[in-house]
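In my numbering, the protein residues as written are 1 to 196.
Before any comments, here is the structure.
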């Protein structure tokens, strides 16, 4: 079976998440978009005791409306109780997660809202601030997962800032990797930052 670009990226991301995230964990979707990652994360953390938690955020209200609609369709009422959505910039992650919560995964899917205004994009300045904040709230053994796009204006610069950020993390406490399609220079790039 042939795996197209999008399917391959989704498979790789999901496979890595499943190695890190367990039922009952707290996770953050820092860029909810249309809600597909939010729903996938909810399915990974929701348990019968109601302990799992998904904190979702997006700077665009329309994105959270799409996310909420998707959850209405595919999540049970009990599961939906485990999700909190915030209309906020991803750089404000620390403002949405309670201080006593150990976050297992922070997911970023950068660029622009699929089907939305392509002029409204994530920016390298706020993304680096978001990564710094994610570092502070992440539990040992946790993961910062980033999908970054280089094919739109501002995307290459954002990727380079993220790569610089990741390359500068201390090897004693972080393992960082980048997955890139070699024969598709404008394809999305996956970056995983594993905290020891």
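Cβ coordinates follow ideal geometry from the N, Cα and C atoms, glycine included.
Please read these numbers as outputs of a predicted model, since none were measured by experiment.
- Pairing residue 176 with residue 169 gives a Cβ-Cβ distance under 9 Å.
- Residue 54 holds the alpha-carbon nearest to the alpha-carbon of residue 25 among 54, 190 and 36.
- Counting only residues of its own chain and dropping the five nearest sequence neighbours on each side, residue 195 has a CB closer than 8 Å to the CB of 135, 138, 139, 140, 141, 142, 143, 144, 173 and 174.
- Closest in alpha carbon position to residue 167, among 191, 150 and 184, is 191.
- Annotated as distal: residue 182 and residue 189, with beta-carbon spacing of 9 Å or more.
- Comparing alpha-carbon positions, the option among 57, 157 and 71 lying closest to residue 95 turns out to be 57.
- In summary, residue 46 is buried, with 16 or more beta-carbon neighbours lying within 10 Å of its beta-carbon over all protein chains present.
- Between residue 146 and residue 110 a beta carbon distance of about 7 Å is seen, short of the 8 Å cut, so the two are scored as contacting.
- Under the DSSP definition of a beta bridge, residue 107 partners with 29 and 145.
- The C-beta separation of residue 68 from residue 34 comes to about 11 Å, leaving the pair out of contact by the 8 Å criterion.
- Separation of residue 5 and residue 85 (C-alpha to C-alpha, rounded to the nearest whole angstrom) is 29 Å.
- Ranking 78, 71 and 124 by CA distance to the CA of residue 90 puts 124 first.
- Linking residue 87 to residue 93 through their CA atoms gives a straight-line distance of about 11 Å.
- A straight line joining the alpha-carbon of residue 157 with that of residue 79 spans about 37 Å.
- A direct Cα-Cα distance of roughly 14 Å separates residue 3 from residue 14.
- Across the structure, residue 11 and residue 18 are spaced so that their CA atoms are roughly 11 Å apart.
- Shown here, residue 96 sits in coil according to DSSP, grouped into three states, outside any helix or strand.
- When DSSP states are grouped into helix, strand and coil, residue 156 belongs to the helix group.
- In the three-state reduction of the DSSP assignment, residue 170 falls in the coil class.
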